[in-house]
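All remarks here apply to the structure that follows.
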Amino acid sequence: QRLGVVAESAPGETRVAATPATVRQLVSLGYEVIVQAGAGRRASFTDEAYVQAGARTGRREEAWGADVVLKVSAPATEEIAALRDGATLVSLIGPATGAALLDALAARPLTVLATDAVPRISRAQSLDVLSSMANIAGYRAVIEAAHAFGRVFTGQVTAAGKVPPATVLVAGAGVAGLAAIATAASLGAVVRATDPRPEVAEQVRSLGAEFLDVGVTQEASADGYARETGDDYDRRAAALYAEQAADVDIVITTALIPGRPAPRLLTAEHVARMRPGSVIVDMAAAQGGNVAGTRAGEAVVTENGVTIIGYTDLAARLPAQASQLYGTNLVNLMRLLTPGRDGRLVLDFDDAVQRAMTVVRDGEKTWPPPPVPVS
Ligand code: NAD
């Protein structure tokens with residue numbers, strides 16, 4: 006079958022769904038790979054590099070007209086029309102929040118696999134683009150904070166005097182939060198972190214950071230995700246944030262609850278307690294934000310001189326590596342979908358991972374999937 010790697014059209018989308026290295030792997034699975042001319046340009050991959058890896062470059066219609074189309078950002082409406090009948094689209098979809106997109110996709114005889122609907126079971130970890138992108142974004146959040154912060158992170162003792170290290174608070178120690186902790190610590194900052202899931206405390210400490218316990222135990226969910234926190238937790242957490250806000254230089258928030266708006270962690274009063282020149286990076290900006298005053302996609306400076314960064318494209322700010330990791334996740338998915346290694350995609354609905362990711366099958370909506378057994 007022909008597999009198309011299309012150029013991204015969303016503004017600010019710099020990533021591409023396959024790199025020359027992953028194209029080589031797709032070819033070895035038996036696919037004839039067509040890369041839309043210029044698809045890798047913004048991630049610094051040339052058409053020649055794709056050709057050397059075994060792909061053919063083609064016009065937009067050729068890439069979109071393939072049997073299997075690989076993509077990063079969810080398709081625009083007019084792009085759905087470019088897919089041929091019976092095609093399989095593999096892309097970020099956001100099925101929980103994109104009912105209109107799902108309807109538009111299901112109006113065509115297509116099969117659609119959402120790369121952001123990978124179940125969080127250990128067997129599926131190698132396909133999990135949310136984890137690989139969160140990891141990159143967590144790193145970049147610290148780089149953005151360091152850039153906006155007018156001081157060094159590392160403490161120094163110099164002939165001209167002592168420079169104290171920056172203090173960083175990371176709220177939410179999931180994949181993105183742990184990457185942010187590791188990055189801030191490696192730059193020499195003093196790092197603290199908090200999360201309602203007590204099991205992350207050990208991971209936080211192993212990265213050299215201090216774990217701040219809110220002191221109210223939250224019921225764990227079977228799928229490893231956080232649930233919405235209770236009133237008691239939120240009250241105590243608010244007191245902790247009030248205390249920390251007055252003390253730290255940088256706050257990085259990453260708190261998300263699957264399928265719900267982002268929980269509000271920092272109120273306007275918390276932000277007002279921060280020192281001028283401090284920086285907040287709200288990694289939940291696209292889901293409504295963890296911080297009062299965040300504007301998605303923007304950096305704003307508050308009246309008291311705090312910069313709140315709400316960029317929603319943190320992973321796309323590191324396009325080459327983000328594409329490489331996303332592309333590798335897709336290669337692992339295509340391996341699962343190509344049992345004969347013969348360039349033929351076979352969708353197995355008895356496999357919980359494939360079932361969970363399939364949001365449309367042959368023009369029929371198949372989202373939400375039945376619950377995935379934890380394994
Ligand atoms: P996420 O992006 O949904 O949430 C980010 C973090 O925010 C989580 O750590 C969550 O506990 C935290 N959070 C939620 N509400 C909060 C609040 N009110 N205050 C502060 N923090 C809050 O989560 P994620 O990073 O994608 O993953 C969470 C965990 O799931 C990981 O740490 C990992 O253990 C597990 N996981 C497993 C797999 C797998 O097995 N395939 C893949 C990815 C993640």
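Under the UniProt record's numbering, the letters of the sequence shown match residues 6 to 380, in that order. Backbone N, C-alpha and C define an ideal beta-carbon position, used for all residues, glycine too. Bear in mind that the values here come from a model prediction, so they are computed numbers and not experimental data.
Cβ pair residue i, residue j closer than 9 Å
i	j	result
residue 15	residue 79	yes
residue 178	residue 158	no
residue 330	residue 132	no
residue 286	residue 180	no
residue 6	residue 37	yes
residue 43	residue 12	yes
residue 19	residue 327	yes
residue 254	residue 280	yes
residue 172	residue 252	yes
residue 98	residue 88	no
residue 235	residue 269	no
residue 25	residue 58	yes
residue 256	residue 305	no
Residue i in three-state terms, based on DSSP
i	result
residue 464	Nothing can be reported for residue 464: it is not among the residues displayed for the chain, which extend from 6 to 380.
residue 166	strand
residue 13	coil
residue 99	coil
residue 342	helix
residue 224	coil
residue 31	helix
residue 332	helix
residue 411	The question about residue 411 has no answer, for the chain in this structure spans 6 to 380.
residue 276	helix
residue 59	coil
residue 352	coil
residue 207	helix
residue 84	helix
residue 358	helix
Residue i to residue j span [Cα, whole Å]
i	j	result
residue 309	residue 276	8 Å
residue 194	residue 116	47 Å
residue 316	residue 343	37 Å
residue 164	residue 187	29 Å
residue 183	residue 197	11 Å
residue 311	residue 250	11 Å
residue 321	residue 17	8 Å
residue 74	residue 10	6 Å
residue 153	residue 284	7 Å
residue 350	residue 28	16 Å
residue 103	residue 166	55 Å
residue 289	residue 258	7 Å
residue 303	residue 94	31 Å
residue 352	residue 345	12 Å
residue 134	residue 334	6 Å
residue 377	residue 357	6 Å
residue 90	residue 84	13 Å
residue 363	residue 32	23 Å
residue 86	residue 368	13 Å
The ligand NAD heavy atom lying under 8 Å from the CB of residue i
i	result
residue 201	yes
residue 347	no
residue 176	yes
residue 125	yes
residue 39	no
residue 129	yes
residue 378	no
residue 102	no
residue 231	yes
residue 8	no
residue 331	no
residue 262	yes
residue 338	no
residue 335	no
residue 259	yes
residue 75	no
residue 88	no
residue 3	Only positions 6 to 380 of the chain appear in this structure, which leaves residue 3 out of reach.
residue 291	no
Assigned exposure category for residue i - 16 Cβ within 10 Å defines buried
i	result
residue 66	exposed
residue 50	buried
residue 162	exposed
residue 76	buried
residue 224	exposed
residue 21	buried
residue 359	buried
residue 119	buried
residue 41	buried
residue 105	exposed
residue 264	exposed
residue 266	exposed
residue 136	buried
residue 375	exposed
residue 209	buried
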